[in-house]
């Protein structure tokens with residue numbers, strides 16, 4: 009999860025960023041499903057951002073902004089533990 013957070017905090021500028029980041033975002037949800045218990049508000053935030061991420065496909069700048077927002081939520085998740 010920490011590696012994903014670091015990648016999302018400073019995403020590279022590439023036109024394929026969405027296709028590179030999508031599997032990592034899926035992995036965040038897989039990790040939370042297997043190991044994590046997080047508050048409903050954090051899960052709601054992640055779900056909203058997952059939707060925003062999907063809508064950002066094709067827009068590199070928007071994808072990067074959403075990735076940074078996701079990293080912020082993951083950072084909050086780490087503070088809970």
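Residue numbers (this note's numbering): 9 to 89. Beta carbons: idealized from backbone N, C-alpha and C, even for Gly. From a predicted model like this one, the values you see are computed outputs, not experimental measurements.
*Taking the C-alpha atoms as reference points, what is the distance between residue 4 and residue 71?*
Because the chain here runs from 9 to 89, residue 4 falls outside it and cannot be looked at.
_For residue 9 and residue 64, what's the separation of their Cα atoms in angstroms?_
Residue numbering aside, residue 9 sits at position 1 when the chain shown is read from its first letter. Residue numbering aside, residue 64 sits at position 56 when the chain shown is read from its first letter. Spanning the two alpha carbons is a distance of roughly 22 Å.
*What's the call for residue 85, buried or exposed, on a 16-neighbour Cβ count within 10 Å?*
Locating residue 85 in the chain shown gives position 77, where the first residue counts as 1. So residue 85 counts as buried.
_Which residue wins for smallest C-alpha separation from residue 80, given the options 67, 53, 41 and 32?_
If you number the chain shown from 1, residue 80 lands on position 72. With distances taken between Cα atoms, residue 80 lies closest to 53.
*Do you know how far the Cα of residue 83 is from the Cα of residue 17?*
Against the chain shown, residue 17 aligns to sequence position 9. Against the chain shown, residue 83 aligns to sequence position 75. The straight-line gap from Cα to Cα measures roughly 10 Å.
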